[in-house]
Every structure is written in C-alpha cells, then in structure tokens.
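Okay, structure first, notes after.
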Amino acid sequence: MTRPGVAVAILLFALGCKKPVQPGDPLSGLFEQQLDRFARGKIVFDSVFTPATGLGPLFNSVACGECHEKPAGGRGDEVEVHATAFRGGVCDALVQEGGPVIQRHAIPALKQALGIDSEPFPPSATARALRTSPVVFGRGLLDFVPDSVILAYADPDDKDHDGVRGRPNRFVDGRMGRFGRKAFVPTLREFNAGAFVAEMGVTDPAQPTEENIGGKPIPAGVDAVADPELSQEAFNLTDDFVRFLAPPTPLKVGQEGRRGRQLFSQIGCAACHRPTLRTGPRGMPALRNREFAAYTDLLLHDMGPDLADICLGQAGPADFRTEPLLDLRSAEHFLHDGRATTLEQAIELHGGEGSGARDRFKGLSATDRAAVVAFLKSL
Amino acid sequence: MQRSIRTAALTAILLVPLATADPADWRTLNSAQAAPSSTYRGTIRAINARTGTLELITGVGLSLRVVEITTARTTRILTASATPRLAELKPGDVVRAECRRTSAGLVADQIEKLKVGAP
C-alpha cells in the first residue's frame, strides 16, 4: 500500500473507532472554554442549596443533581406532583394558588410560621399529575431545532389520515413550546430558569420573585435571602452544563436490534418518535447543523383517556409531548409518571393517537416484539 | 484631516463589536425574559373593563406569576378592531403591555393584543 493509502486507511479506522458518547458526556466539538464552563456548571448543578443559600421556602429538591443523577443530568427516582384546572376547555395553571408544580417540602422557618411541611394542594385544581425526572441529555440540541422543522411534522387535522395528528403547545405569551411533558416551555434557558424557582425555591435573575404559599404571601422573616438568590453567572454556568450535555450514542445492536429498529418504523412508532432531528444554522458551532438521534417530534399528541391527567397551556389533559427516547438503556420506569415498569408495558399503555402503533405492536409475533424492545434498550 | 481620521477610527472602534457579534448569538436569543423591563407579555387571566384593570399571567418556564396592571385614560389599546377598546380584550388573549411603575402599581401605557399561531 502506498503512503497516502496507509494514511487514508488509518484515518478511516480512526473515524470508525470514534469513542461512543456516554451518558453525562459533553457534546463533541465544544471549545476548551465551553468545556471549562461545562465542568463549572456541573458543580452548580450538583450544589446542595440550604435555606441560607436560597432554598425554599417551598421546594421539591435541594439540588438539580438530586433528581437528575447517576450521572449528573440523568434520571432520578423522584416523582413530583403537578396540578391545574381544566374547565370548559380552558386551562388554568392555578398561578394564584401557587402554580402547577406542587412543592412537597418546606424549610424549617416556614414550618414554624405556618405549621405546614409542604405546599397546600390548590383547592381549585381539577386534576393531579405525577411526573418523573427525565434525563436532560441532548436538550441543547432539541433547543436549536427550528420551529419550522417541528411545525412541518404537525398535522392537526390529520390530513394524511394516519390517525396521528400532532400540534404545538403555546406558552402564556403565545410562543411555541417544546420543553416539559406538555411541551409548554419555549426554550431550554427558560425551562432551566423556571426549574430553579419551581423545584428548589431558588430565585434567579429571570424569575426574581418567590412563589406565594398557596395564594398567600410568604410570612415575614421566613425567607431572609435577598432575591435573586442565584447569580446570573451561576445560572449561566448551569444552563451551559445542561445545554452541553450530549445525547448518548445508541449501543451497537445485533441482528435482533436491527430488525427491531426496522419494525419501530414499520408499525408507526416513528410517526411521532421521529428518529432524527436537525438543528438550525444558527448558534454555536457544536450545536448548529447537527443531525442527532432524538426520537421525538416535540409536538403534542392525544394519548387517550387512560393516560390523561392535567392540562397546561393549550395541552388538554390527554395531550402529551412525544417523549424523546434518549438513554432508555438505564430507565427502570417509563411514561411521564413512571407507571410502566417495562418497555413492552409502556407501549401497550399508549392510547389515542398512539393506539394504531400500539395495536400493530401487539399484533407482532413474540420474537418481533422482543426485537422492538431490544432496539429500544439500545437507545 | 486629523480630526476626520480620529472620528473614523472612533467610529470603527465603536462598530467593531456590532459587526463581529453573532446576530444569532444563542444567549441573546433567549434573554428577553431576563432583561429588566416594564414590558410584560402574557395571557390575560382576568379583566375588568369597568375598573380598567387586568391580570396577566407571565413567567419563566413552569414558574408562573400574575401581574396586576391598571389602565389609564391615556392607555393605548391596540387590537385588530378599528376602534379598539379595553372591553374587547378577554381572558385567554395574549397581549403585550408596556407599563410604568407608579405608587399605585403598574400602569399601562399601551396594551397590544397579539396574534398567536393556530394551535
């Protein structure tokens, strides 16, 4: 072989042996400075807040890493409660009663002042929902998928008659949403900023006011830390950490997994769980023009009455955003509330727009069903 | 001559950051909510045209808040109607309200009803 030939062979070999991205790894192509921010952001992400550093008065967790763990950014075993009211086709996020996220813990000073150890459940709520903590890998890429790409998949009137519709949700200010189980939040940055306050009671520059206590003001002296309790730089670092978390490389699959991948598309799962999405041409180099395994269309789909819980924005109780199928290999519970303990069960619980694919899955032979599950476990 | 060179140099120095800034910088794309501002964009939760008050749901992510806004005689209402009035607005409408803070709370200088993409 000639010298150039050897060089090409080595290069091809090296490319072929590209190190797979593990859960918790940063995106490839980040600059050194961005990798440094990723590392520093991880420290804030894992920082434990206390009442003296801004925790509470109401909270669900003491650190981002408490729910998104093993590794940082992964899923946790915590399940939280959300509540809203749905009346006459209109959704009320119950903002005046404390908002849709119900905090299950209170700091000692609030306990002492009001005698409560969690947020009072809003009396006007018409529904209650359980929510597991999802992985947050690949969210930076999802953030950079242009709205136009997502809207191209929407088919609210089911014009192609496949039984799958798909429509976007809207935030309170009318912008298109994509983050959260109900696709309510338009951007990752806002989701992260809102999470500091809604989950830990830590105010930040984007949301410098604490939540009320079931509609009543916080008693004097309970929250002594000045708002915002998190600095802009600490927030930016955390946001960068989450943004830079890469989607893990799917595991290599054998013949069974390859067959499963094929069946996944054939039976219609891919109509909503779109295997790949592509980011737009804007933004930082590591995030732009990248095609990545997403397995979502970021749209709302009616999943039927059995899965229905709360409304949020324009999402009705039965509407859920297609969950990105990332890092399924480490999942022990499935669906938005963790009610399924196996992938097969999760598929069988799909209703509404997912019922066609579900029925086709149920109609497969045991071998083919196992192949689909094997493929999903490779993600 | 020297003065014009100096002016040109100063102009160039001032313009360089603008020319080199990425217009689609990812951080500025999402910073609208973070900037301290008296402009609120959100959904009307309640409105009372008689008293000229409205409650707006605004917020960040899942951390939502209610903002109470009062209108004055001078408040401009912008809707698709030829003679826009506060009474045309209703709960569920998405609006942008430009407000100033007074001793009596937030007073709107302008409230504009926004068109939102079909669901």
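Order-wise, the sequence lines are chains A and B.
Its first residue numbered 0, the first sequence is counted upward by one per residue in numbering that gives the first Met the number 0.
Its first residue numbered 0, the second sequence is counted upward by one per residue in numbering that gives the first Met the number 0.
Note that CB positions come from ideal geometry on N, CA and C, so glycine has one too.
Predicted model, so just to flag it, every value in this text is computed and none were measured.
Taking Cβ-Cβ distances shorter than 7 Å, what residues in chain B pair up with residue i?
i: A:Val196; result: Ser62
i: A:Val89; result: Gly91
i: A:Gly72; result: Correct list: empty, because the minimum Cβ distance to chain B is about 17 Å.
i: A:Glu322; result: The contacting residues do not exist; A:Glu322 stays about 17 Å from chain B at best.
Can you pull the chain A residues whose beta carbon is under 8 Å from the beta carbon of residue i, in chain order?
i: B:Ile56; result: Ala92, Val94, Val171
i: B:Val59; result: Glu189, Ala192, Gly193, Val196, Ala205, Gln206
Only counting the same chain, and skipping five residues up and downstream in sequence, which positions put a Cβ closer than 7 Å to that of residue i?
i: A:Phe374; result: Val252, Gly256, Gly259, Arg260, Phe263
i: A:Glu347; result: Arg357, Lys361
i: B:Thr74; result: Ala107, Asp108, Gln109, Ile110
i: B:Arg84; result: Ile76
i: B:Arg44; result: Glu54, Leu55, Ile56, Val65, Pro90
i: A:Ala105; result: Gly55, Pro56, Leu57, Ile115, Asp116, Ser117
Which two residues bound the contiguous alpha helix (DSSP H) that contains residue i?
i: A:Ile149; result: 146-152
i: A:Ala192; result: 187-199
i: A:Asp239; result: 231-243
i: A:Val43; result: 31-45
i: A:Cys264; result: The sequence shown places Ser at residue 264 of chain A, rather than the Cys named in the question. It spans 254-265 - the alpha helix (DSSP H) in which A:Ser264 sits, taken as one unbroken run.
i: A:Glu65; result: 63-66
Quick one: what's got a C-beta closer than 6 Å to residue i's C-beta in the same chain, skipping five residues either side?
i: B:Glu97; result: Thr38, Asp108, Gln109
i: A:Asp239; result: Arg36, Gly40
i: A:Thr125; result: Ala84, Phe85
i: A:Glu79; result: Asn59, Arg130
i: B:Leu105; result: Ile68, Cys98
i: B:Ser30; result: Low confidence applies here, because B:Ser30 scores a pLDDT of 39, under 50, leaving its location unreliable; read the following figure in that light. Hits under 6 Å: none found.
i: A:Pro19; result: Thr248
i: A:Arg188; result: Asp238
i: A:Pro119; result: Gly213
i: A:Ala197; result: Val100
Since residue i meets chain A, which of its residues come closer than 7 Å, beta carbon to beta carbon?
i: B:Leu113; result: Gly173
i: B:Thr42; result: Val171
Which residues in chain A sit within 9 Å of residue i, going by Cβ to Cβ distance?
i: B:Arg72; result: Here the premise fails: no neighbours, minimum Cβ distance about 27 Å.
i: B:Gly51; result: Simply none; closest approach about 20 Å.
Terminal residues of the continuous beta strand (DSSP E) containing residue i?
i: A:Phe85; result: 78-86
i: A:Cys90; result: 89-91
Among the residues of its own chain, which have a CB less than 8 Å from the CB of residue i, if the five just before and after it don't count?
i: A:Val184; result: Phe170, Gly176, Arg177, Phe178, Phe190, Gly193
i: A:Thr340; result: Glu331, His332, Phe333
i: A:Ala370; result: Glu255, Gly256, Arg258, Gly259, Leu262
i: A:Pro280; result: Arg287, Asn288
i: A:Glu77; result: Asn59, Ser60, Glu65, Cys66, Thr131, Ser132
i: A:Ile217; result: Pro56, Leu109, Glu209, Asn211
i: A:Leu29; result: Phe37, Phe243, Ala285
Report the neighbours of residue i on chain B: residues whose CB is nearer than 9 Å to its CB, in chain order.
i: A:Gly98; result: Gly58, Leu61, Ser62, Leu63, Arg64
i: A:Val184; result: Val59, Gly60, Leu61
i: A:Gly179; result: Gly60, Leu61
Mind listing the chain B neighbours of residue i? Cutoff is C-beta to C-beta under 8 Å, in chain order.
i: A:Glu77; result: None at all; the shortest Cβ gap to chain B is about 15 Å.
i: A:Glu290; result: None at all; the shortest Cβ gap to chain B is about 18 Å.
Whole runs of the beta strand (DSSP E) within the segment 278-309 of chain A, excluding any shorter than 3 residues: 290-292, 299-301
Quick one: which residues of the segment 96-112 of chain B get their C-beta closer than 7 Å to a C-beta of chain A? List them in chain order. none
Just list the alpha helix (DSSP H) runs in the segment 317-375 of chain A, keeping only unbroken ones of 4 residues or longer that don't cross its boundaries, in chain order. 342-347, 354-361, 365-375
4 or more residues per run - each alpha helix (DSSP H) lying fully within the segment 114-180 of chain A: 138-142, 146-152
Could you pull out every unbroken beta strand (DSSP E) segment of at least 3 residues lying fully inside the segment 38-110 of chain B, listed in chain order? 38-47, 52-59, 62-77, 93-101
Anything in the segment 331-350 of chain A with a Cβ closer than 8 Å to a Cβ of chain B? List those residues in chain order, please. none
Any C-beta of chain B within less than 8 Å: which residues of the segment 208-224 of chain A qualify? Thr208, Glu210
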